[in-house]
Every structure is written in C-alpha cells, then in structure tokens.
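Undergrad: After the structure tokens below, expect a handful of questions from me.
And the structure:
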C-alpha cells in the first residue's frame with residue numbers, strides 16, 4: 015500500500031472517497047489471500063504427507079494412509095486472512111487519509127500505460143473497482159511474488175507441522191496409550 019500512494023492520490027483527485035479506497039484495498043487483500051490459499055493448501059498437504067512418509071520410514075512403521083485435518087486447513091485460511099489484514103491496517107489507514115496534494119506530490123503525473131494496464135482497460139462488463147483491484151494486484155510482479163512466497167511458505171510450514179502432529183498422534187496414539195495404561199504413577203528418588 016505504501017508503494018501505491020500515487021494511485022491513491024490519482025483516485026482521490028478524480029473523486030474517490032476514503033471509504034471507497036479502503037474497500038478497494040480490502041478487496042486487494044482478499045485477492046492476495048485467495049491466491050495464497052490456492053497455492054499453500056495443496057502444497058502443505060503434499061509436504062505433510064511427505065514428512066509423514068519420511069518419519070514412517072525412519073521409524074520403520076506402517077502408515078494408515080493420509081487424512082486431511084480440515085480444522086488445520088480452516089485455521090490456515092483464517093491465519094492467512096488475519097495476517098494480511100493486520101499487516102495492512104496501518105498503511106491502509108495512512109494511505110486512505112492522505113490528501114490529494116500529499117499523494118500526488120510523492121508520485122508525479124506522467125508515464126505511459128504499460129501492457130498490463132492496456133489489457134485491463136479492454137475488459138468490459140467488469141466494474142471499475144474490480145478492474146482497479148486486478149490492475150493493482152498484478153502491476154508490480156515482484157511485490158506479488160514476494161507476498162505470495164511469504165504467504166505460501168508460512169502456510170506450508172503451518173500445515174506441515176499440524177499434519178505431522180496429527181500423523182504422529184494417529185499412528186502412535188494407540189501404542190502410547192497401551193504403554194501408559196495404568197492408574198497410578200509412583201516416582202522414587
């Protein structure tokens with residue numbers, strides 16, 4: 015958002031209100047979250063299954079298959095969207111409250127439209143707000159890539175840890191319960 019101060023200034027110059035700008039960037043945050051979920055959930059399931067297989071091989075144990083813990087997937091989705099929202103609240107509030115003069119003076123009004131902007135401009139039957147969100151999402155590919163790498167990486171790590179925990183509990187839970195099946199523990203020193 016701090017990199018898009020110029021776009022905020024232009025939107026304010028043509029009449030956008032603070033509420034509209036906040037809505038646009040909340041939609042942008044939602045698009046980032048959806049992209050992160052689409053990539054990280056399948057990759058994290060694959061990673062969790064791979065780690066489970068490695069542990070089963072190391073421990074010379076038999077697995078009972080792979081089951082998806084949908085609570086962990088739901089928690090991953092919630093964490094992705096909450097982290098995006100929390101990380102963007104302060105820059106979004108500052109950027110949306112910026113005056114037109116402040117925003118335009120940091121941006122400059124020049125430059126030609128790029129190929130992506132031209133392609134977006136040719137879309138019909140799509141609201142202007144959605145076009146702005148799509149354009150701002152994909153305009154800076156390095157920013158998009160960095161955001162997705164961080165979100166996907168954290169999602170994969172989270173799901174892999176949750177998957178390994180559930181796999182260990184599922185595989186060794188009955189064995190550990192059988193070993194510790196007694197009523198009293200007495201420790202002598």
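Numbering (the working numbering), first residue to last: 15 to 203.
Virtual Cβ for every residue (Gly too), placed ideally from N, Cα, C.
Where does residue 163 sit, in a helix, a strand or coil, going by DSSP?
TA: Within the chain shown, numbered from 1, the residue matching residue 163 stands at position 149. Note: residue 163 maps to helix in three-state DSSP.
Undergrad: State the DSSP-derived secondary structure class of residue 33, mapped to helix, strand or coil.
TA: Walking along the chain shown from the start, residue 33 turns up at place 19. Three-state result, residue 33: helix.
Undergrad: Which stretch, first to last residue, makes up the alpha helix (DSSP H) that contains residue 150?
TA: In the chain shown, residue 150 corresponds to position 136, counting from 1. Where residue 150 is concerned, the enclosing alpha helix (DSSP H) stretches over 142-153.
Undergrad: Pairs of beta-carbons, one from the region 109-116 and one from the region 69-86, closer than 8 Å: are there three or more?
TA: Segments in contact, no.
Undergrad: Is it buried or exposed, residue 142, if we count other Cβ atoms within 10 angstroms and call 16 or more buried?
TA: For the purposes of this step, residue 142 is taken as the residue at position 128 of the chain shown. Residue 142 should be labelled exposed.
Undergrad: For residue 70, collect the residues of the same chain with a Cβ closer than 6 Å to its Cβ; drop the 5 residues on either side in sequence, then sort them by chain order.
TA: By one-based count along the chain shown, residue 70 stands at place 56. So the list reads 77, once near-sequence residues are dropped.
Undergrad: For the alpha helix (DSSP H) holding residue 28, just list the boundary residues, first then last.
TA: Indexing the chain shown from 1 puts residue 28 at position 14. Unbroken run through residue 28: none, as it is neither H nor E.
Undergrad: My output table needs one value for residue 82: the three-state DSSP class, helix, strand or coil.
TA: Stepping through the chain shown from its first residue, residue 82 is reached at position 68. Residue state, collapsed to three classes: coil.
Undergrad: Where does residue 124 sit, in a helix, a strand or coil, going by DSSP?
TA: Stepping through the chain shown from its first residue, residue 124 is reached at position 110. Bear in mind that a pLDDT of 44 at residue 124, under 50, signals an unreliable position, so the number given afterwards is only what the model happens to contain. Reduced to three states, the DSSP call for residue 124 is coil.
Undergrad: Considering only the beta carbon of each residue, do residue 45 and residue 147 sit closer than 8 Å?
TA: On the chain shown, position 31 is the one that residue 45 refers to. On the chain shown, position 133 is the one that residue 147 refers to. It is a contact, given that the beta carbons lie within the stated cut-off.
Undergrad: Give the DSSP-derived three-state secondary structure of residue 136 in the structure shown.
TA: Numbered from 1 along the chain shown, position 122 holds the residue referred to as residue 136. Residue 136 falls in the coil class under three-state DSSP.
Undergrad: Where does residue 74 sit, in a helix, a strand or coil, going by DSSP?
TA: Here the question's residue 74 lines up with position 60 in the chain shown. Coil.
Undergrad: Am I right that residue 166 and residue 50 are in contact with their C-beta atoms under 8 Å? What's the rounded C-beta distance?
TA: Here residue 166 refers to the residue found at position 152 when the chain shown is read from its first residue. Here residue 50 refers to the residue found at position 36 when the chain shown is read from its first residue. With 8 Å as the limit, residue 166 and residue 50 qualify as a contact, their Cβ atoms being about 6 Å apart.
Undergrad: Determine the burial state of residue 63: buried for a count of at least 16 other Cβ atoms within 10 Å of its Cβ, exposed for fewer.
TA: What you label residue 63 is simply residue 49 of the chain shown in a count that begins at 1. Counting Cβ neighbours within 10 Å, residue 63 comes out buried, since at least 16 surround it.
Undergrad: Roughly how many angstroms lie between the CA atoms of residue 136 and residue 153, to the nearest whole one?
TA: In the chain shown, residue 136 corresponds to position 122, counting from 1. In the chain shown, residue 153 corresponds to position 139, counting from 1. Spanning the two alpha carbons is a distance of roughly 16 Å.
Undergrad: Going by C-alpha to C-alpha distance, which of 176, 202, 40, 21 sits closest to residue 95?
TA: The count along the chain shown starts at 1 and reaches residue 95 at position 81. Out of 176, 202, 40, 21, 40 has the C-alpha closest to the C-alpha of residue 95.
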